[in-house]
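Chemist: By the count of my numbering, the sequence shown reaches residue 641 at its end, each step adding exactly one. All C-beta atoms, glycine included, are put in the ideal place defined by N, C-alpha and C. Remember, predicted model here, so these are calculated numbers, not experimental data.
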Amino acid sequence: LARFFTTACALAGAAALAAATGGPASAAPSSTKLTGSRPAWATAAHKVADSDPASSATFRVYLDNRDPAGAAAYASAVSTKGNALYGSFLTPAQYRDRFSPDPSTVGAVSSWLAGRGFAVDATPANRKYVQATGTLAQAAAAFGTSFATYSVDGRSVRSNTSELSVPSSLAGVQAIVGLDESQTLATRHAVVSAPAGFRNAQPCSAYWGEKTVANAPTPTGATLPASPAAYAPCGYAGAQ
Numbered sequence: 402l403a404r405f406f407t408t409a410c411a412l413a414g415a416a417a418l419a420a421a422t423g424g425p426a427s428a429a430p431s432s433t434k435l436t437g438s439r440p441a442w443a444t445a446a447h448k449v450a451d452s453d454p455a456s457s458a459t460f461r462v463y464l465d466n467r468d469p470a471g472a473a474a475y476a477s478a479v480s481t482k483g484n485a486l487y488g489s490f491l492t493p494a495q496y497r498d499r500f501s502p503d504p505s506t507v508g509a510v511s512s513w514l515a516g517r518g519f520a521v522d523a524t525p526a527n528r529k530y531v532q533a534t535g536t537l538a539q540a541a542a543a544f545g546t547s548f549a550t551y552s553v554d555g556r557s558v559r560s561n562t563s564e565l566s567v568p569s570s571l572a573g574v575q576a577i578v579g580l581d582e583s584q585t586l587a588t589r590h591a592v593v594s595a596p597a598g599f600r601n602a603q604p605c606s607a608y609w610g611e612k613t614v615a616n617a618p619t620p621t622g623a624t625l626p627a628s629p630a631a632y633a634p635c636g637y638a639g640a641q
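#1: For a test of the three-state rule: what should DSSP assign to Val614, helix, strand or coil?
#2: Check Ala428 in the structure and name its three-state DSSP category.
#3: Just tell me which of Ile577, Ala541, Ala633 and Ser557 has its CA closest to the CA of Ala455.
#4: Pull up the CB-CB distance for Arg461 and Tyr530, whole angstroms please, since I reckon it's below 8 Å.
#5: Where DSSP assigns a beta bridge to Phe460, which residues make up the other side?
#6: On a Cα-Cα basis, can you pick out the residue from Asp498, Val578 and Ala631 that is closest to Thr459?
#7: When the Cα of Pro618 is compared with those of Val449, Tyr632 and Ala607, which residue comes out closest?
#8: If you measure between the beta carbons of Gly573 and Val510, is that distance less than 9 Å?
#9: From Ala571 to Phe548, what does the alpha carbon distance come to, in whole angstroms?
#10: Return the CA-CA distance between Gln532 and Val521, expressed in angstroms with no decimal places.
#11: Can you tell me which residues form a DSSP beta bridge with Asp451?
#12: Is the region 439-457 touching the region 501-519 in the sense that three or more CB pairs, one from each, lie closer than 8 Å?
#13: Whole angstroms is fine: what's the gap from Ala472's alpha carbon to Glu582's?
#14: When we look at the beta-carbon of Val593 and count the other beta-carbons within 10 Å, is it buried (16 or more) or exposed?
#15: Grouping DSSP H, G and I as helix and E and B as strand, with all else coil, what is Thr621?
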């Protein structure tokens, strides 16, 4: 009788716990870790303090392109003389339709972010990423991590303390950029000026294909072969 009573109580307790927690069906969904998403400098030796969970962060969830091998093969084909596709470059719209992340993938990521309390800010025309803003507390809960401040090269920078995770059901997530502050550690090591006598050879183009043998005669009027037809760009200033 005592054994029966003990077993009955155990079963009743388990039933109550299952009812309170949603039972076995509410098990946490599987997740996928994004390898390399924690900076190498985010170590215990550099940690200063935990980050303020109420702090705001804007970040981007980058998505895999469709058929990257096909895109690489096409790029090679259009650049190889003798190939049937040589010179048949795709327009930006054609590339997006063929190789950019699928709109359904963008929609799934956007919906998931909104469901976790983030404000979805923007998605570019090529659908390469979804940008969102939220608190560090929301980011910690969504991506299975915590955040801390680290002292690196004399600077205080924020980072997630472990690799970020996303639900395995969100296919196509390539990386998450912006939750750590690695970009603030970039420095300019040297400024190199052009030699005093440096000049760009003329004619040259402001952009690729602007000037060709057909539309821009040489300063001396010399006749040049028809191929290659385009003059090289003149080069770009630092701001560009």
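Modeler: If we stick to the structure as given:
#1: If DSSP states are grouped into helix, strand and coil, Val614 belongs with coil.
#2: Confidence in Ala428 is poor, its pLDDT being 46 and thus under 50, which makes the residue's placement too unreliable to answer from.
#3: With distances taken between Cα atoms, Ala455 lies closest to Ala541.
#4: Yes, they are in contact, since the Cβ atoms of Arg461 and Tyr530 sit about 4 Å apart, within 8 Å.
#5: Beta-bridge annotation (DSSP): Phe460 is paired with Ala533.
#6: Taking only the C-alpha atoms, the option nearest Thr459 is Val578.
#7: Closest by C-alpha distance to Pro618, out of Val449, Tyr632 and Ala607, is Tyr632.
#8: Contact: yes.
#9: Correcting the residue type first, residue 571 is Leu in the shown sequence and not Ala. Their Cα atoms are separated by approximately 23 Å.
#10: Roughly 6 Å separates the two Cα atoms.
#11: DSSP lists Ala549 as partners of Asp451.
#12: By the Cβ rule, the region 501-519 does not count as touching the region 439-457, because fewer than three pairs are nearer than 8 Å.
#13: Ala472 and Glu582 have their C-alpha atoms some 32 Å from each other.
#14: So Val593 ends up on the exposed side.
#15: It is coil, neither helix nor strand.
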